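Student: Numbering (my numbering), first residue to last: 132 to 200. By construction, the Cβ of each residue, glycine as well, lies at the ideal position given by its N, Cα and C atoms. Here the structure is a predicted model, which means the values were calculated and not measured.
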């Protein structure tokens, strides 16, 4: 049973997340032959100030992110 964990900035709509989950589920079925009911997709929303790349935060609680995620 695959578990797909997707970490991203907050702000995506429920409809968009459902579409993303559907696409991952369909890809696993098409490529690996995994039945859709066996696939779990989990979204983890992480604030930009908690994302650090190359030692630099992508954003701060008071400002907007320097890069999208």
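One question on the structure: do residue 152 and residue 172 come within less than 8 Å of each other, judged by their Cβ atoms?
Tutor: Yes.
Student: Going by DSSP, what residue range makes up the beta strand (DSSP E) through residue 136?
Tutor: Residues 134 to 139.
Student: Give the DSSP-derived three-state secondary structure of residue 194 in the structure shown.
Tutor: Only weak support exists for where residue 194 lies, its pLDDT of 49 falling under 50; the value from the coordinates is given anyway. DSSP places residue 194 in coil when its eight states are reduced to three.
Student: Please check the pair residue 166 and residue 157, which I expect to be a contact at CB under 8 Å, by giving their CB distance rounded to whole angstroms.
Tutor: Not quite, the Cβ-Cβ distance comes to about 11 Å (not below 8 Å), so this is no contact.
Student: So, at 7 Å on beta carbons, what are the nonlocal neighbours of residue 141 in its own chain, with the 5 sequence-adjacent residues on each side left out?
Tutor: Answer for residue 141: 176 and 178, listed in chain order.
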